[in-house]
Every structure is written in structure tokens, then in C-alpha cells.
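K.L.:
Starting off with a structure, shown below.
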Ligand SMILES: Nc1nc2c(ncn2[C@@H]2O[C@H](COP(=O)(O)OP(=O)(O)O)[C@@H](O)[C@H]2O)c(=O)[nH]1
Ligand SMILES: [Mg+2]
């Protein structure tokens, strides 16, 4: 039987993802894969989360971008360990890259690891990184049609963050349509409306994190 190159890449990724999953279980680390378009506020949400929760939890971040270590520097400035992966063109992180990065941040000593995936609403959702759960972020200025256009990504989310709600008065955005479209593809996961910039609604995110950190699963 002919095995396509895509299938081979995916099955190699599955092997590395299984190793990561075992690592997280063994060391009792809760790991979240954070997925969104570029600019939805992944790093902003992580910066605020680290500033507010770093006294309570040991947090580390694996950063994925095509180029630069700008986001890893932002995370370090917020007070957490960070390691930057520059994919040099790839539109998603692979489980193998994450496996190597876990060593670089001494992840076995952490409670919570965030993986900020490459900004993209398509490719990252096809690659299991061995994470405990997925956070998908949609921000208000991206438009209210995104959950309907990218259903697979929203379907795979353990929690959906609707960020930049401080901009709701200024841009056209049909909130009820977004909530209905998300509900169609993913009726079980909560949708948290917040602003990483102002902090409005952030407590529901921290409650979600605390509950899942306690049981270490989504
Ligand atoms: N108004 C507003 N701007 C935000 C919010 N969150 C992030 N931003 C801004 O959106 C831009 C992209 O944020 P960033 O965290 O870099 O997004 P990322 O590419 O998903 O990591 C930055 O200029 C942030 O300051 C928010 O809740 N409200
Ligand atoms: Mg970022």
C-alpha cells in the first residue's frame, strides 16, 4: 500500500506526541497548546496570566514563531521561563520540537506549560503535541465569521477564549452569532469572554485553569 508523505509525517509526530504525553503524566505537568490567528492576543494573555499567577504556580512557555525570539523575551519579562522555537517557515509546531524544548525549560519542575503555537487557525490543529488541552483564542477585530470558517480548530478546543472584548463597542461583531457557531461545532467546551489588555473577565480564565490544574486534564 502506498503511504503518503503526509501520513508519514503525521505518524512520526504521533510517536513524539505520545512521548510528551507520558512526560506530562509522569511529572504531573499540565500542558496547554494555545492556538489562534496572528495577533489574537496569545502572548498578551500569557503575559497577564504569568504576572497574576506566578507566585502560585511554576509556569513555563514554549514559543513558536516563524522568526525572532520577541515573544520569548516578552514572557521572560513577565517572569516565566521561556524557550523560543523559530520554525523558519513551518506554519505549526511539531511534537518533536516541543519534546526538545521541554528539556530547555526544565519542564519536569513546572506545574503549567503553555505552548504558544505559530499564529495560524488551520495547520496547528492537525498536529498533536501531546498536550493536556487546547486553548483556542478568537479576538473581536478578526470578525465574527471565523468559527464557521475554521470549524475544525474550534471543534478541537478544550476552552475557547474570546479576547479583546474591550473593542466590542468599536467594531462590527455579532457576539450571539459567534456563540451559536461555536456551539454548533463544539457544544461541550466553555467560551470565556475577556480582555487580556484590561483584565475584564480574566477571573473566569483563572478559575478554569485552577480547576484543570488540580485534576491535570482538560
Ligand atoms: N484592545 C486590545 N488589544 C489587545 C488585547 N490583547 C492583545 N491585544 C493587542 O493585540 C496585539 C497582538 O497581541 P499579541 O499578544 O502579540 O498576539 P499574538 O500574536 O496572538 O501573540 C498587541 O498589540 C496587543 O497589545 C485585548 O484584550 N484588547
Ligand atoms: Mg505571540
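In my numbering, the protein residues as written are 10 to 227.
C-beta: ideal position from N, C-alpha, C; glycine also.
1. Flag this pair as yes or no: are the beta carbons of residue 111 and residue 126 separated by less than 7 angstroms?
2. Does the contact criterion of 3 or more C-beta pairs under 8 angstroms hold for the region 84-92 versus the region 27-42?
3. Which of the three DSSP states is assigned to residue 161 in this structure?
4. Is the Cβ-Cβ distance between residue 191 and residue 203 less than 7 angstroms?
5. By DSSP, does residue 91 sit in helix, in strand, or in coil?
6. If you count every other CB in all the chains shown that lies within 10 Å of the CB of residue 193, and 16 or more means buried, which is it?
7. Just mark residue 47 as buried or exposed, buried being the case when its beta carbon has 16 or more other beta carbons within 10 Å.
8. Suppose you measure from the CA of residue 37 to the CA of residue 120; what does that come to, to the nearest Å?
9. Do you know offhand how far residue 196's Cα is from residue 167's?
10. With a threshold of 16 other CB atoms inside 10 Å of the CB of residue 20, please say whether the residue is buried or exposed.
11. For the beta strand (DSSP E) containing residue 117, name the first residue and the last one.
12. Nearer than 6 angstroms: is that true of the beta carbon of residue 80 relative to any heavy atom of ligand 2?
13. Should residue 184 be listed as close to ligand 1, given that the test is whether its C-beta is under 6 angstroms from any heavy atom?
14. Sort out for me which residues DSSP pairs residue 39 with in a bridge.
15. Suppose the cutoff is 6 angstroms on Cβ atoms and the five residues either side in sequence are ignored; what does the same chain contact list for residue 104 look like?
16. DSSP has residue 171 in a bridge; who is on the other side?
17. Between residue 51 and ligand 2, is there a pair consisting of the residue's CB and a ligand heavy atom that are separated by less than 6 angstroms?
18. Let's test the definition: count the other Cβ atoms within 10 Å of the Cβ of residue 201 and tell me whether it reaches 16, buried, or not, exposed.
19. Is residue 150 a contact residue of ligand 1, with contact defined as CB to any heavy atom under 6 angstroms?
20. Helix, strand or coil: which one does DSSP assign to residue 223?
21. When you compare only the Cα positions, how much space is there between residue 161 and residue 56?
22. Which residues mark the beginning and the end of the alpha helix (DSSP H) in which residue 187 is found?
P.N.:
Put simply:
1. One thing to note: residue 111 has its Cβ no nearer than 7 angstroms to the Cβ of residue 126.
2. In short, these stretches do not touch, since the Cβ pair count stays below three.
3. When secondary structure is reduced to three states using DSSP, residue 161 falls in the helix class.
4. No.
5. Looking at residue 91 - three-state DSSP - the assignment turns out to be strand.
6. It counts as exposed.
7. Exposed, since its Cβ has fewer than 16 Cβ neighbours within 10 Å.
8. Each residue's Cα considered, the two are about 7 angstroms apart.
9. The straight-line gap from Cα to Cα measures roughly 11 angstroms.
10. Residue environment for residue 20: exposed (fewer than 16 other C-beta atoms within 10 angstroms of its C-beta).
11. In the DSSP annotation of this structure, residue 117 is not part of any beta strand (DSSP E), being labelled neither H nor E.
12. Indeed, a heavy atom of ligand 2 lies less than 6 angstroms from the Cβ.
13. No, the Cβ of residue 184 stays beyond 6 angstroms of every heavy atom of ligand 1.
14. Bridge partners of residue 39: 121.
15. If we look at residue 104 and ignore the five residues flanking it on each side, its Cβ neighbours are 22, 25, 26, 29, 138 and 139.
16. In the DSSP output, where bridge partners are listed per residue, residue 171 has 147 and 202.
17. Under cutoff, so the answer is yes.
18. Per the 10 Å Cβ criterion, buried.
19. No, the Cβ of residue 150 stays beyond 6 angstroms of every heavy atom of ligand 1.
20. Reduced to three states, the DSSP call for residue 223 is helix.
21. Pairing residue 161 with residue 56, the inter-Cα distance amounts to about 27 angstroms.
22. Here the alpha helix (DSSP H) through residue 187 covers 184-194.
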